[in-house]
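Counting with the working numbering, you get residues 1448 to 1678 for the letters of the sequence shown.
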Amino acid sequence: MSNATDFISAYNTVDARMRTMYRGKGSLQFVDLVRRCAEFNSTIRKYEDELLSFAKLRNAIVHESNRERIIAEPCDDVTELFMHIAEMLSRPPKLGSLRPVNVTGIEGERTLAEAVVLMSERHYSNLPVYMAGKLVGMLNNRRIVRVVGRALRDGADVEETLAMSCRDAVDEADMVKYYKLLTAENTVQEAVDAFGENRKLFAVLVTGTGGDLTNLLTASDLPRLMKLLEE
1448 MSNATDFISA YNTVDARMRT MYRGKGSLQF VDLVRRCAEF NSTIRKYEDE LLSFAKLRNA
1508 IVHESNRERI IAEPCDDVTE LFMHIAEMLS RPPKLGSLRP VNVTGIEGER TLAEAVVLMS
1568 ERHYSNLPVY MAGKLVGMLN NRRIVRVVGR ALRDGADVEE TLAMSCRDAV DEADMVKYYK
1628 LLTAENTVQE AVDAFGENRK LFAVLVTGTG GDLTNLLTAS DLPRLMKLLE E
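Right under this line is the structure:
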């Protein structure tokens, strides 16, 4: 195969993947898709300038070549880069490829005081709360301050407040507002995008096949995730 053939194949792959990402909204040209997908996809954003240049080269190959002569033959480096981008978009790494970690949680029947001690001792900012092995919510610094602060405001006994169960302390609304639940089959890109889409996000919670948490990703993990995407 010539570089021109490989180049056009990569172009078609990238074009198709961007149309899938953009969910087929209108019949946009390649360059328009690049600019719009760059707003939410880190790979497209990283190679935006190169992709815009590749679009011009593709038009020259397709529209100005004929059976006897290909007017432009991409060099090896350009072809390899375009094929690499196409591969990254076609087979993005999944969250299941990350090394599983032991995500410590607490049973819902345990007291809020016990949760505070555990978070303090282990320097946790987010603590999963389980009932019969099922995740029912997350405790975090904000939630604990809110619960205790409300008790102080209302003149309630703080000791009694700290004796409440972790299950009663969590709020289901926090799971929507501050957390994103993904599975091992979701891509690393989706986890990165989650932080961009929700600036208030505390963590991405990754579940395995059995529904157990296999990873808890925070904003501090973004450099590692971005490096994985680039590689």
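All C-beta atoms, glycine included, are put in the ideal place defined by N, C-alpha and C.
Computed from a prediction, not measured in an experiment: that's the story for all the values here.
Can you check DSSP and say which residues form a bridge with residue i?
i            : result
residue 1651 : 1627 and 1664
residue 1490 : According to DSSP, residue 1490 bridges with nothing at all.
residue 1574 : 1586
residue 1634 : 1541
residue 1606 : Answer by DSSP bridge pairing: none, since residue 1606 is not bridged.
residue 1554 : 1577
residue 1612 : 1558
Excluding the five sequence neighbours on either side, which residues of its own chain have a C-beta within less than 8 Å of the C-beta of residue i, listed in chain order?
i            : result
residue 1523 : 1450
residue 1563 : 1591 and 1609
residue 1565 : 1551, 1553, 1571 and 1574
residue 1619 : 1584
residue 1469 : 1475, 1480, 1483 and 1484
Since residue i and residue j are thought to touch, with beta carbons under 8 Å apart, how far apart are those beta carbons, to the nearest angstrom?
i            : j            : result
residue 1663 : residue 1635 : That belief does not hold up - the Cβ atoms of residue 1663 and residue 1635 are roughly 15 Å apart, past 8 Å.
residue 1617 : residue 1605 : Going by Cβ atoms, the distance from residue 1617 to residue 1605 rounds to 19 Å, so no, they are not a contact pair.
residue 1599 : residue 1639 : So it is not a contact: roughly 39 Å between Cβ atoms.
residue 1491 : residue 1465 : 7 Å
residue 1395 : residue 1632 : Here the chain has residues from 1448 to 1678 only, and residue 1395 is not among them.
residue 1539 : residue 1661 : With a Cβ gap of about 18 Å, residue 1539 and residue 1661 do not count as contacting.
residue 1461 : residue 1536 : 6 Å
residue 1676 : residue 1489 : 6 Å
Within its chain, find whatever has a CB closer than 7 Å to the CB of residue i; leave out the 5 residues flanking it on each side and keep chain order.
i            : result
residue 1521 : 1450, 1451, 1454 and 1504
residue 1642 : 1648, 1666 and 1669
residue 1533 : 1457, 1460 and 1461
Once the 5 residues before and after residue i are set aside, which same chain residues still bring their CB inside 6 Å of it?
i            : result
residue 1628 : 1652
residue 1557 : 1613
residue 1498 : 1481
> Does the segment 1561-1580 touch the segment 1605-1625, meaning 3 or more C-beta pairs lie closer than 8 Å?
Replying inline: Yes: the two stretches touch, three or more of their Cβ pairs being nearer than 8 Å.
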